[in-house]
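Contents: one structure, followed by commentary.
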Amino acid sequence: MRLFRFLLYLSLFALCLACKQKPSDSGTNLSTNTYREYYSTATGKKEAELKTALFGIIGNPDIVSYAEIWSAFEKTDVKADGSVWDMYSDNPGGEIIYSFSFHHKKCGTYRSEGDCYNREHTIPQSWFKGASPMYSDLF
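Last residue of the sequence shown: 222 in my numbering, with the numbers rising by one and none dropped.
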């Protein structure tokens, strides 16, 4: 059970960190100093003290509803060329097969792969019985 909690906190921490990154079209990447500042309260801590420090970093997330995910993607999932970074069709370093814009081709009803980009869950909803805030995956 402790391992599960640790992995859960670690996963949520990584997810929150990813959501707080600047859009990639800004021409800047997060620097080592940015990470140092972000984690500064956890640096050098161990065991319960580390867990408490990490909770202090991620413990009050900005919760984004499932309906708001489309808008949030414009900040969290933008590629350098301004298109949508779609985790399901991205091919890093390879051929670009699909490219989507933020205001077109949002999935709803579709017929085949590449028709649209979607906001489907990255964390299985059965883990939390579909409860909020985990339902949206973005917080």
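Here a beta-carbon is modelled for each residue, glycine too, at the ideal position from N, C-alpha and C.
{"Check": "Assuming residue 221 and residue 136 make a contact with CB atoms under 8 Å, what is their CB distance in whole Å?", "Outcome": "Not a contact, Cβ separation roughly 23 Å."}
{"Check": "For the alpha helix (DSSP H) that residue 138 lies in, which residues bound it at each end?", "Outcome": "130-141"}
{"Check": "What are the start and end residues of the alpha helix (DSSP H) that includes residue 152?", "Outcome": "152-159"}
{"Check": "Taking 8 Å as the cut-off, does the segment 135-149 touch the segment 161-172 (at least 3 CB pairs, one atom from each stretch)?", "Outcome": "no"}
{"Check": "Within 8 Å, do at least three Cβ pairs link the segment 128-144 to the segment 173-190?", "Outcome": "no"}
{"Check": "Can you list, in chain order, the residues of its chain whose CB lies under 6 Å from that of residue 172, leaving out five sequence neighbours each side?", "Outcome": "181"}
{"Check": "DSSP state of residue 118, grouped into three classes?", "Outcome": "helix"}
{"Check": "Have a look at the DSSP bridge pairing and note the partners of residue 189.", "Outcome": "200"}
{"Check": "If you drop the 5 nearest sequence neighbours on each side, which residues of the same chain put their C-beta closer than 7 Å to that of residue 153?", "Outcome": "189, 202"}
{"Check": "When DSSP builds the beta bridges, which residues end up paired with residue 167?", "Outcome": "161"}
{"Check": "Looking only at its chain, what residues have a beta carbon closer than 8 Å to the beta carbon of residue 199, apart from the 5 residues adjacent to it on each side?", "Outcome": "183, 188, 189, 190, 191, 193"}
{"Check": "DSSP three-state call for residue 205: helix, strand or coil?", "Outcome": "coil"}
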